[in-house]
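Enquirer: Residues 0 to 525 (numbering that gives the first Met the number 0) are what the sequence shown spells out, left to right.
The beta carbon of each residue, even a glycine, is placed where N, CA and C say it ideally should be.
Just passing along the structure, written as structure tokens.
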Amino acid sequence: MKNYDLAIVGFGPVGAAAANMFAESGFNIIVVEPKYDIWDIPRAVHFDGQTQRIFQSMGIFDQIQEIIDPILGVNFINRNGKELLSVSFESHPKLNGYYDGVMFNQPKFEEILRKNVSKYSNIELKLGWQVDKLDCNIDSNLLEITNNATNQTESLTSTYVIAADGADSFVRKNLNIKMHDYKCDQDWVVVDYLLDKKYKVLNKSRYQICDYKRPTTLLPITNNHIRWEFKINPEDDLEQLESEKNIRSFMEPHIWRLNPDIDINSGTLIRSSKYSFHGLLVDEFKINNCFLIGDAAHQTPPFLGQGLCQGIKDSYNLCWKLKGVNDGIYNKKILDTFSIERREINDFMIRTAIKQGNVIGTQNMVKAFIRDTFFSIAKIFPKALSALKFQYSWKLNHGLIDKDLFPNGANGVIIPQPDINIRVDNKQFDQYLGESFSLIILDEDETLIDDISNIEFMDIFKNNIHIFNSKHPFLKDGRLAKWSRENSISAAIIRPDKHIYGCCDGVDIIKKIEKLVKNLHNEVNT
Numbered sequence: 000m001k002n003y004d005l006a007i008v009g010f011g012p013v014g015a016a017a018a019n020m021f022a023e024s025g026f027n028i029i030v031v032e033p034k035y036d037i038w039d040i041p042r043a044v045h046f047d048g049q050t051q052r053i054f055q056s057m058g059i060f061d062q063i064q065e066i067i068d069p070i071l072g073v074n075f076i077n078r079n080g081k082e083l084l085s086v087s088f089e090s091h092p093k094l095n096g097y098y099d100g101v102m103f104n105q106p107k108f109e110e111i112l113r114k115n116v117s118k119y120s121n122i123e124l125k126l127g128w129q130v131d132k133l134d135c136n137i138d139s140n141l142l143e144i145t146n147n148a149t150n151q152t153e154s155l156t157s158t159y160v161i162a163a164d165g166a167d168s169f170v171r172k173n174l175n176i177k178m179h180d181y182k183c184d185q186d187w188v189v190v191d192y193l194l195d196k197k198y199k200v201l202n203k204s205r206y207q208i209c210d211y212k213r214p215t216t217l218l219p220i221t222n223n224h225i226r227w228e229f230k231i232n233p234e235d236d237l238e239q240l241e242s243e244k245n246i247r248s249f250m251e252p253h254i255w256r257l258n259p260d261i262d263i264n265s266g267t268l269i270r271s272s273k274y275s276f277h278g279l280l281v282d283e284f285k286i287n288n289c290f291l292i293g294d295a296a297h298q299t300p301p302f303l304g305q306g307l308c309q310g311i312k313d314s315y316n317l318c319w320k321l322k323g324v325n326d327g328i329y330n331k332k333i334l335d336t337f338s339i340e341r342r343e344i345n346d347f348m349i350r351t352a353i354k355q356g357n358v359i360g361t362q363n364m365v366k367a368f369i370r371d372t373f374f375s376i377a378k379i380f381p382k383a384l385s386a387l388k389f390q391y392s393w394k395l396n397h398g399l400i401d402k403d404l405f406p407n408g409a410n411g412v413i414i415p416q417p418d419i420n421i422r423v424d425n426k427q428f429d430q431y432l433g434e435s436f437s438l439i440i441l442d443e444d445e446t447l448i449d450d451i452s453n454i455e456f457m458d459i460f461k462n463n464i465h466i467f468n469s470k471h472p473f474l475k476d477g478r479l480a481k482w483s484r485e486n487s488i489s490a491a492i493i494r495p496d497k498h499i500y501g502c503c504d505g506v507d508i509i510k511k512i513e514k515l516v517k518n519l520h521n522e523v524n525t
């Protein structure tokens, strides 16, 4: 019977991203997936800045860059076609070094992931196989798998299991993990439409049509791919709902926004499907050495475009912790923070998506009037836009962060990344800090390094300690300098995933760093 460090159940985009991350970290991996091929229908369409930053850490952003298109703004339109509000994203700060919203083609993304997986000799793929049995124990797992074509069965063991097997997760059900239901079910028709290539000029603006009789979303994705979403009304004929004739009638009032010359009968509908949007979140992301990520752990309405993003972030959060435990660097108790942190972030994500969906998708005429009035006021008085959120910090309030020593609004937030074109030793900022905990000291005397080196437990940084004075290249674009100034930060401990563990100002800086380091050591050390 073969034994593996890690069994990944599911080879969709989240499972494939996890396979890349963990293979690069040296795990001996088996991937089990019932299907052979990538599903050629696009589903997820959005990456945020943090997700692109993770692709940078994986070394694949140059490939991802070829399949994305930035979202430069969004337009809110009332049911009569009048513009309520137009919001530009071009002036938004690139806190992660990237546009905070880009559109992409999922099949092409999965092709990139699978191509990169093929480079690793420490990954064995079992495509066309499914898991029939899982015995989850404290230190090891027994899996029985079956070939769907031949009914051949095999047994294997793995130290860890990652469930990336989707909304109907076998692993989640097998482990009897319950899900919290946010009671936000909504029925929409999701449509993927390919515009005829003869229409060379295409308006790439994104539109939210705030029509309480038929809330509609119009999203140019990449190239000639257009995503439409139409809310279903109680009186709709469900048998005819997905018919091409019906869908084109829904598109007709708005298609001219893409190009005024478009014939409503042109183009190709590659998918029109009724979807029930849910809000669901597991009670636990972890049972013994089994971990849930992606749709196996959380399902959300699509209004923030965060479903796939958060699945990739699940894996990124888990990877450095599991590697540290596997390498004997961290105590196994650090794995409990995976469930704490990912549940907190995904709970915030789902609740926020529901709120946004209730705003843009309301079919209550009074609420729609109030919303439209607010948008109209915000158009005249831009300061009112502060009530709307288009960027999120994904701040951790619980888990592996300093909560008591030196409270700071920056604790738990991802540190801003300087312009990705700035390199030191031919490395971008994240790669310069590396994959261990790091300590950065900003605009302080470089002689501090001798005093800092004498602090107990500094080996946790593996010499990953940096003093950035005012002339340092990573401070040239002003992003880090502004961040440290606004938060009164002179020193910060950065986790491998670039969330801030803790920070302090410059008063008695050595003593404060010493306290932070000791606290971190007590939380993670074996």
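Would you say the region 317-330 touches the region 294-308, given that touching needs at least three Cβ pairs under 8 Å?
Expert: Short answer: they don't touch.
Enquirer: Suppose you measure from the CA of S24 to the CA of D4; what does that come to, to the nearest Å?
Expert: Distance between the alpha carbons of S24 and D4 is about 11 Å.
Enquirer: Report buried or exposed for G278, applying the criterion of at least 16 other Cβ atoms within 10 angstroms of its Cβ.
Expert: Burial call: buried.
Enquirer: Can you tell which of R226, A15, K285, F276 has its C-alpha closest to the C-alpha of I269?
Expert: Comparing Cα positions, the closest option is R226.
Enquirer: I'd like the ranges of any beta strand (DSSP E) spanning at least 3 consecutive residues and lying wholly in the region 377-448.
Expert: Runs found: 437-441.
Enquirer: Which whole-angstrom value is the C-beta distance of V189 and N258, which I expect to be below 8 Å?
Expert: At roughly 22 Å, the Cβ-Cβ gap does not stay under 8 Å, so V189 and N258 are not in contact.
Enquirer: Please tell me whether T156 and N140 are closer than 9 Å, where the distance is taken between their beta carbons.
Expert: Yes. Within cutoff.
Enquirer: If I459 and F436 are in contact, beta carbons under 8 Å, what's the gap, nearest whole angstrom?
Expert: About 6 Å; that satisfies the 8 Å criterion.
Enquirer: Starting from N245 and walking both ways along the alpha helix (DSSP H), at which residues does that stretch end?
Expert: Residues 243-250.
Enquirer: Report the start-end ranges of each beta strand (DSSP E) in the region 272-306 that is 3 residues or longer and not cut off at the edges.
Expert: DSSP runs (the beta strand (DSSP E)) wholly in the region 272-306: 279-281, 289-291.
Enquirer: Looking at C-alpha atoms only, which residue of H45, E522, P92 is the closest neighbour of R494?
Expert: Out of H45, E522, P92, E522 has the C-alpha closest to the C-alpha of R494.
Enquirer: In the DSSP assignment, find the beta strand (DSSP E) that holds R205 and state where it starts and stops.
Expert: It spans 205-209 - the beta strand (DSSP E) in which R205 sits, taken as one unbroken run.
Enquirer: Go through its chain and collect everything with a Cβ distance to F473's Cβ below 7 Å, but skip five positions before and after it.
Expert: So the list reads P417, I421, V423, F428, F467, L479, once near-sequence residues are dropped.
Enquirer: If we require 3 or more residues per run, which beta strand (DSSP E) segments fall completely within the region 69-102?
Expert: Listed in chain order, the complete beta strand (DSSP E) runs (minimum 3 residues) inside the region 69-102 are 72-77, 82-87.
Enquirer: On the three-state DSSP scale, how would you describe M178?
Expert: Note: M178 maps to strand in three-state DSSP.
Enquirer: Would you mind reading off the limits of the alpha helix (DSSP H) that contains L519?
Expert: From DSSP, the alpha helix (DSSP H) with L519 extends over 508-523.
Enquirer: When the Cα atoms are used, what is the spatial distance from K320 to L303?
Expert: Straight-line Cα distance between these residues: approximately 27 Å.
Enquirer: Per DSSP, what are the beta-bridge partners of F230 in this structure?
Expert: The question names Phe, but residue 230 in the sequence shown is Lys. The partner list for K230 (beta bridge, DSSP) reads W187.
Enquirer: Cβ atoms of Q207 and T221: under 9 Å apart, would you say?
Expert: No, the pair does not count as a contact, with Cβ atoms beyond the cut-off.
Enquirer: Which term fits M348, buried or exposed, when burial requires 16 or more other beta carbons within 10 angstroms of its beta carbon?
Expert: With 16 or more Cβ atoms within 10 Å of its Cβ, M348 is classed as buried.
Enquirer: Starting from A166, trace the beta strand (DSSP E) both ways and give me its first and last residue.
Expert: Looking at the DSSP string, A166 is not in any beta strand (DSSP E), and its letter there is neither H nor E.
Enquirer: Please name the residue or residues paired with Q129 in a DSSP beta bridge.
Expert: Q129 pairs with T145.
Enquirer: Give the secondary structure of G501 by DSSP, where H, G and I count as helix, E and B as strand, and everything else as coil.
Expert: Strand.
Enquirer: For the region 33-70, list the beta strand (DSSP E) runs that are entirely contained and at least 3 residues long, ordered along the chain.
Expert: Counting whole runs of 3 or more residues, the region 33-70 contains the beta strand (DSSP E) stretches 67-69.
Enquirer: If you measure between the beta carbons of I492 and G505, is that distance less than 9 Å?
Expert: No. Outside cutoff.
Enquirer: Specify the secondary structure class of P106 as computed by DSSP and reduced to three states.
Expert: Helix at P106.
Enquirer: Give every residue of the same chain whose Cβ lies closer than 6 Å to the Cβ of H397, excluding the five residues on either side of it in the sequence, and list them in chain order.
Expert: Cβ within range, chain order: I339, E343.
Enquirer: List the residues that DSSP assigns as beta-bridge partners of R270.
Expert: Answer is D191, bridged to R270.
Enquirer: Taking all protein chains shown into account, decide if P233 is buried (16 or more other Cβ within 10 angstroms of its Cβ) or exposed.
Expert: The residue is exposed, with fewer than 16 neighbouring Cβ atoms inside 10 Å.
Enquirer: What whole-angstrom Cβ distance do H45 and M102 have, given they're in contact under 8 Å?
Expert: At roughly 6 Å, the Cβ-Cβ gap stays under 8 Å, so H45 and M102 are in contact.
Enquirer: Check whether the Cβ atoms of N175 and L280 sit closer than 9 Å, and answer yes or no.
Expert: No, these two residues do not count as a Cβ contact at 9 Å.
Enquirer: For Q402, which option in M20, R171, A490, L515 has the closest C-alpha, if you only look at C-alpha atoms?
Expert: The question names Gln, but residue 402 in the sequence shown is Lys. Comparing Cα positions, the closest option is L515.
Enquirer: If you draw a straight line from the C-alpha of S469 to the C-alpha of Y274, how long is it?
Expert: Straight-line Cα distance between these residues: approximately 53 Å.
Enquirer: Roughly how many whole angstroms lie between the Cα atoms of Q151 and D131?
Expert: So the alpha carbons of these two residues sit roughly 12 Å apart.
Enquirer: Are the CB atoms of K125 and I37 nearer to each other than 9 Å?
Expert: Against a cut-off of 9 Å, the Cβ pair of I37 and K125 comes out as no contact.
Enquirer: State yes or no: is the beta carbon of Q239 nearer than 9 Å to at least one beta carbon in chain C?
Expert: Absent from the structure is chain C; it holds one protein chain and no more.
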